[in-house]
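Chains as they are written, first to last, in our numbering: chain A, 7 to 276; chain B, 353 to 606.
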């Protein structure tokens, strides 16, 4: 049986699709057969971030409606042959998603894959609800600012009450916090919530902090998941996150300000 | 089943009259405009649908009768029933209204008797008796339900609502945007950031206890304070909230 991971947040623009692409690629690179599904029907983006937008023939909705088979719709990633992408439809809307249809696809994928990453749309409506409904694990992507934290908290409430696991009284969904677009300098200036501030409000297991980084935008533009940019801080942060998710114990990075030249001088003289 | 029992003289008693006190919301109506009443009633119910669903209710006509206006009591009761509430009594009506109400199978209460029972002196012994009775007779399910405690170990997240028919004990944080309600006391052994309403069915003895007060709103039996009214002295502290002479007191737990 596959492990179903939902990448969710409530709020838009916090880095769900970037995270979905990076995590899916990271898991596949570690040797696990992984599928990543775009649940953002009508506003599909995952194929762009994964760089496979020119190879989309059939999509998620076609499969739900029986117009194509799963194998016809799945796109194999060009960087890693263990990774497959199921793109969303751009011409339909989220009402085209049905619970039975999504359940059937996830069940079929479970036979073939080790991990299924569900890229949730923003909001708490149908698309987001179905993305998380069947999940085993939830990666809650949050930016260090109050409205994002509040929306994540709302999403956590929905995860614990409206999921299949909750309805069947099974062990609850495992929830992890991913703090993205983090800038230690701005935290220091009091312009941004710190890791501790966010942890205090959400009290959630921190899987990792992704620093605000130019490499994320560059990677998106190039259509290559940022995790493959091994030199970049964001790429390394995602590698840590995948390793931690798989049970490795790695110390947290990117939380403290890198010491500048004067900072080093100062600390040495004491 | 002992149907057809021959013993007519020494049947064991199967009935017992007991006295018990209940706390029932009273609806004071001060207009005869059914449309406006309906509108405002629906708005109130929307605020706490679980609380109002099939709730018993006593209708108070005193204010309305002071205005000497015409109105149809039967229609008013019908409207309240349609809103999902169950009128179990009327008070403050005149002779004709009381007759109409009785014809509808609803008892009439007098204003004075309720004034007496509102006095603390009179109410306390009755409360103790109710508790004693409940202890004595464990099978008395009604009394048991009112003593039931709801225990929550998971965080209560933004947008979630909890309702406890007795006490509510929460061992995790209550997030901003969450709403917790209890007919009895509320205990939160972590940060309380959401809205907490204790004694929602009118129990003025109910209290709220929390180990870190950052609430958006605290309320005891309908008397409330919002976040803005909380003084810096109690914010972020372990405190208790209770009613004293209709004033909401927020004080350190010593």
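All C-beta atoms, glycine included, are put in the ideal place defined by N, C-alpha and C.
Review point. With DSSP run on the structure shown, which of helix, strand or coil describes residue 472 of chain B?
Key: Low confidence applies to residue 472 of chain B: its pLDDT is 37, below 50, so where it sits in the model is not reliable, and the reading given next is rough at best. Reduced to three states, the DSSP call for residue 472 of chain B is helix.
Review point. Exposed or buried, what is residue 581 of chain B when buried is set at 16 or more other beta-carbons lying within 10 Å of its beta-carbon?
Key: exposed
Check your understanding: Going straight from the alpha carbon of residue 389 of chain B to that of residue 383 of chain B, what length do you get?
Key -> 7 Å
Review point. Taking C-alpha atoms, which residue in A:78, A:49, A:69 lies nearest to residue 61 of chain A?
Key: A:78
Exercise for review: Specify the secondary structure class of residue 93 of chain A as computed by DSSP and reduced to three states.
Suggested key: coil
Review point. What is the DSSP secondary structure of residue 424 of chain B, counted as helix, strand or coil?
Key: coil
Review point. Between the beta-carbon of residue 213 of chain A and the beta-carbon of residue 145 of chain A, is there less than 8 Å?
Key: yes
Check your understanding: Between which two residues does the alpha helix (DSSP H) carrying residue 166 of chain A extend?
Key -> 152-168
Check your understanding: If you run the structure through DSSP and keep just helix, strand and coil, what is residue 204 of chain A?
Key -> helix
**Study point:** Of the listed residues A:100, A:141, A:180, A:115, nearest to residue 128 of chain A (C-alpha basis)
**Key:** A:100
Review point. Beta carbon of residue 170 of chain A, beta carbon of residue 140 of chain A: below 8 Å?
Key: yes
**Study point:** Secondary structure of residue 7 of chain A, DSSP reduced to three states
**Key:** coil
Check your understanding: Are there three or more Cβ pairs, one per stretch, closer than 8 Å when the stretch 152-164 of chain A is compared with the stretch 27-44 of chain A?
Key -> no
Practice item. Kindly indicate which three-state DSSP category residue 437 of chain B falls into: helix, strand or coil? Key: coil
Point to revise | Cβ-based contacts, 7 Å cut-off: residues of the stretch 164-179 of chain A near chain B | key: 166, 167
Practice item. Go ahead and pull the three-state DSSP assignment for residue 566 of chain B. Key: coil
Check your understanding: Can you give the beta carbon distance from residue 20 of chain A to residue 186 of chain A, rounded, assuming they're within the 8 Å contact cut?
Key -> 6 Å
Practice item. With residue 575 of chain B as the anchor, note down where its beta strand (DSSP E) starts and where it stops. Key: 575-578
Point to revise | DSSP-derived helix/strand/coil call for residue 101 of chain A | key: helix
**Study point:** Distance CB(residue 260 of chain A)-CB(residue 204 of chain A) smaller than 8 Å
**Key:** no
Review point. Mind checking residue 222 of chain A: buried by the 16 CB within 10 Å criterion, or exposed?
Key: buried
Practice item. Give the interface partners of residue 162 of chain A over in chain B, defined as CB-CB distance under 7 Å, in chain order. Key: 509
Review point. Exposed or buried, which one is residue 112 of chain A when buried takes at least 16 other CB atoms within 10 Å?
Key: buried
Review point. Just to confirm, are residue 505 of chain B and residue 519 of chain B a CB contact at a threshold of 8 Å?
Key: no
Check your understanding: residue 527 of chain B CB to nearest chain A CB: under 8 Å?
Key -> yes
Exercise for review: Please confirm whether residue 375 of chain B and residue 597 of chain B have their CB atoms less than 8 Å apart.
Suggested key: no
Practice item. Report the three-state DSSP secondary structure of residue 445 of chain B (helix, strand or coil). Key: coil
Point to revise | Per-residue contacts from residue 156 of chain A into chain B (C-beta, under 9 Å) | key: 510, 527, 528, 529
Review point. Nearest to residue 584 of chain B by alpha carbon, out of B:440, B:565, B:411?
Key: B:565
Check your understanding: Using a C-beta cutoff of 8 Å, does residue 143 of chain A count as contacting chain B?
Key -> no
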